[in-house]
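Enquirer: Here the protein sequences come in this chain order: B and R. FYI, numbering that gives the first Met the number 0 numbers position 131 of the first sequence as 130, with every residue one higher than the one before it. FYI, numbering that gives the first Met the number 0 numbers position 147 of the second sequence as 146, with every residue one higher than the one before it. All residues carry an ideal CB built from backbone N, CA and C; glycine is no exception.
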Amino acid sequence: MLSICKISFRYKSKHILKDIEIELNKGEILSIVGPNGTGKTTLLKCIAGIMKPGKGTILINGKNVSRMKRQNIAKSIAYVPQSSPSKFPITVFDAVLMGRRPYITWKPSQKDLELVARSLKSMDLHDIALQDFDQLSGGQKQKVLLARAVAQDTDYLLLDEPTSNLDLKHQMETMGMIFNMVKKNGVAAILAMHDLNLSSRFSDRMVMLKAGKVFCTGEPRQIMTVENIKSVYGVEAEIISINDHPYILPTRPVNEQQGLSSD
Amino acid sequence: MKDICEQYKGVTRKKLSFVIFLAALLFGVALIALSQGASSMGFKDSVTAIFQDSGIAHAIIWKLRLPRIIMAVLVGGGLALAGTVFQAILRNPLASPYTLGIASSAGFGAVTAIIFGGSFYSEYLIAGNAFFFALLSSFFILSIAKLKSYTPETMILAGIAIMFFFSSLSSLFQYMGTVEEVHEIVFWFFGSLSKVGWKEIGVASVMILLPTPIILRWSWDFNLLAAGDESAKALGVNVTRIRMLGMVFASLITAAAISFAGVIGFVGLVAPHIARMVIGGDHWFLFPASALVGAVLVLTADTLGRTLWAPQVIPIGIVTAFIGVPFFFYLLMKKTRQYW
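#1: Which of helix, strand or coil does DSSP assign to L209/R?
#2: Using a Cβ-Cβ cut-off of 6 Å (strictly less than) and excluding sequence neighbours within five positions of N24/B, which residues of its own chain qualify?
#3: When you check each C-beta in the region 271-291 of chain R against every C-beta of chain B, which residues fall closer than 8 Å?
#4: Check this for me: beta carbons of G279/R and T90/B, under 8 Å apart or not?
#5: Only counting runs of 4 or more residues, tell me where the alpha helix (DSSP H) segments fall wholly within the region 172-224 of chain B, in order along the chain.
#6: Since I31/B and L16/B are thought to touch, with beta carbons under 8 Å apart, how far apart are those beta carbons, to the nearest angstrom?
#7: Taking 8 Å as the CB-CB limit, is Q51/R close to chain B?
#8: Would you mind sorting S260/B into buried or exposed? The rule is 16 or more other CB atoms within 10 Å of its CB.
#9: Do the CB positions of G190/R and P314/R come within less than 8 Å of each other?
#10: Checking the sheet assignment: what are the DSSP bridge partners for L157/B?
#11: Once DSSP output is grouped into helix, strand and coil, what is the label at P252/B?
#12: Tell me the residue span of the alpha helix (DSSP H) that contains K68/B.
#13: Short check: CB of F259/R to CB of V74/R, under 8 Å?
#14: Against L134/R, what residues of chain B qualify as contacts under a CB-to-CB distance less than 9 Å, listed in chain order?
#15: By how many angstroms is the C-alpha of K194/R removed from the C-alpha of T40/B?
#16: Look up T90/B in the DSSP assignment and give the residues it is bridged to.
#17: Looking at the C-beta of F87/B, does it have a partner C-beta in chain R at a distance below 8 Å?
#18: Within 8 Å of any Cβ in chain B, is that where the Cβ of A233/R sits?
#19: When the cut-off is 8 Å and only beta carbons count, does R240/R lie next to chain B?
#20: If distances are taken between C-alpha atoms only, which option among A79/R, K14/R, M175/R, A255/R comes closest to A109/R?
#21: Closest to V202/R by C-alpha separation, out of G127/R, I317/R, S104/R, would be which residue?
#22: Comparing C-alpha positions only, which one of M180/B, H244/B, S240/B sits nearest to G26/B?
#23: T56/B lies in the beta strand (DSSP E); which residues open and close that run?
#24: Would you kindly report the start and end of the unbroken beta strand (DSSP E) that includes K13/B?
#25: Under DSSP, the alpha helix (DSSP H) around K142/B begins and ends at which residues?
#26: Say whether the region 281-295 of chain R touches the region 70-84 of chain R, bearing in mind that this needs 3 or more beta-carbon pairs closer than 8 Å, one atom from each stretch.
#27: Go through its chain and collect everything with a Cβ distance to T299/R's Cβ below 7 Å, but skip five positions before and after it.
#28: Looking at the strands, I want to know which residues DSSP matches up with C4/B.
#29: Suppose contacts are defined by Cβ-Cβ distances below 8 Å. Is T162/B in contact with L197/B by that definition?
#30: Under 7 Å Cβ to Cβ from D228/R, same chain only, skipping five residues before and after it: list those, please.
#31: For I49/B, name the three-state secondary structure that DSSP assigns.
See below:
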């Protein structure tokens with residue numbers, strides 16, 4: 000189990016995160032949603048150990064992350080960034096092999112190579128394994144970053160907006176892959192998401208952040224309400240239900256309503 | 000699944016054979032360098048002369064040519080290695096001892112040691128002072144990058160500013176120095192291996208060879224830096240430590256090379272790119288390949304420089320640029336990637 004207990008984070012004097020509490024069990028997909036600048040990415044980075052929270056603790060199976068070596072954290076938590084800079088040429092295979100870094104000392108072993116090959120295969124990337132990462136499309140790059148996380152062989156996955164920059168089909172594919180990974184391998188995933196409908200469709204639970212605090216948390220059905228969308232996003236919306244999944248149809252921003260009527 | 004592994008191993012073998020090819024090439028160039036000079040000997044004579052214990056040939060080889068060859072290899076390999084490290088830790092293809100101003104500041108350190116060394120004047124003082132100033136600049140650049148941002152523009156601009164600052168200081172010393180001092184500085188600045196002896200080689204090889212295994216050991220971490228600081232941290236790399244120590248080691252190597260061969264800037268920028276164009280970005284192979292390219296480049300330049308218009312010696316920095324620039328442009332035009 001991954002427990003996030005009372006995490007706070009400040010940048011200079013500004014509170015980015017305040018008293019965040021989240022628990023995550025294996026086999027679960029949890030989405031963190033909220034408007035821009037509510038601290039979704041910061042929260043993920045704190046959990047991944049990339050940033051140090053000012054207050055609070057993160058426990059992996061009861062073990063305090065701040066007392067663990069970086070390399071050992073990397074064996075239980077994988078972080079998939081939004082995008083990967085590439086100033087230098089690197090093959091897809093090498094990009095995925097990076098996921099084995101926590102296990103490699105001098106050189107990758109046969110087992111490392113095989114795990115990379117397996118995760119490439121599972122993502123349908125084996126045909127482009129030796130191509131330059133930089134030459135790939137956005138969707139393929141995202142898959143490579145996912146494959147890297149698979150090769151890292153961790154219990155927990157943190158994904159920072161895995162569907163931004165992707166077209167509809169790739170969004171669905173990527174989310175489907177994450178869903179399969181979690182359900183098949185019995186791992187757990189936390190996703191920072193912009194797209195409410197995609198997160199509602201694929202998550203077991205959602206956490207809605209507002210100004211660095213947990214506004215509400217629960218199953219998609221409980222989170223995706225007209226009132227919540229209004230007070231967190233400032234948007235009037237309608238909720239429809241298809242196949243038992245709630246979907247949101249935004250109609251208009253709350254504040255501009257008066258501006259429009261006085262015109 | 001097996002075949003992806005096999006394909007990958009095939010690529011790995013190709014990279015390894017390129018490194019072996021470069022090593023053989025370096026050996027070949029070294030043999031030519033050993034036999035060429037004011038008194039030309041055959042390959043065979045020059046090699047047997049190494050193992051004789053007397054005679055003029057033996058003296059020429061041991062006192063003049065061998066030290067020169069070894070120093071050229073150390074300097075070329077060292078600058079290329081330092082350039083590769085700078086490029087990796089700053090994630091910047093424009094980084095090199097030269098463009099970051101590290102070479103100029105090390106040069107300034109060496110110049111001040113030459114002028115003000117007085118009775119303390121020694122190889123150690125020159126190298127130590129060069130290292131001190133190289134370190135000063137590299138930490139200055141790191142802190143600027145930390146305060147502002149890690150954008151390539153910030154760092155290269157800061158580096159170029161540092162380069163001009165220390166070049167001007169060195170020029171000021173030349174302007175105010177005595178004729179002998181100026182002569183020595185100018186001679187040294189153009190780059191020369193003609194005064195190299197075994198003592199210099201001792202100092203330089205300690206400074207260059209000591210950090211090398213550590214750098215190689217970290218080649219995975221250097222690979223991961225290319226994926227971005229955040230990914231690297233999330234994969235267990237201590238990014239701050241590797242950046243700091245990488246800077247220290249690369250500065251140490253640069254200082255050693257600059258102290259005994261002058262400001263040969265170009266190698267450190269171009270050798271890593273040449274190696275990368277051929278074998279890609281995996282530092283496990285890139286470090287040795289780039290060091291060997293640098294060594295071949297400098298050794299070839301030095302050998303041509305002292306034989307082409309003998310007895311006139313063309314400074315090594317100039318010849319290096321003459322060989323390296325056309326070759327680099329050739330690769331630049333051949334490759335399609337954006338910044339190359």
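Expert: Let me spell this out:
#1: coil
#2: M0
#3: Residues R275, G279, G280, D281, W283.
#4: yes
#5: 195-201, 219-222
#6: I31/B to L16/B, Cβ: 11 Å. No contact.
#7: no
#8: At S260/B, the pLDDT of 46 sits below 50, so the modelled position is not reliable and the matter cannot be decided from this model.
#9: yes
#10: Note: L157/B sits in a beta bridge opposite Y78/B, I189/B.
#11: strand
#12: Looking at the DSSP string, K68/B is not in any alpha helix (DSSP H), and its letter there is neither H nor E.
#13: yes
#14: Below the 9 Å Cβ cutoff, chain B contributes no neighbours of L134/R, its closest Cβ being approximately 25 Å away.
#15: 58 Å
#16: Beta-bridge partners assigned by DSSP to T90/B: D131/B.
#17: yes
#18: yes
#19: Output row for R240/R: interface = no.
#20: A255/R
#21: Measuring from the Cα of V202/R, the nearest candidate turns out to be G127/R.
#22: Checked all of M180/B, H244/B, S240/B; the closest Cα to G26/B is M180/B.
#23: 54-59
#24: 13-23
#25: 137-151
#26: yes
#27: V28, I322
#28: T56/B
#29: yes
#30: V238
#31: In the structure shown, I49/B falls within a coil segment according to DSSP collapsed to helix, strand and coil.
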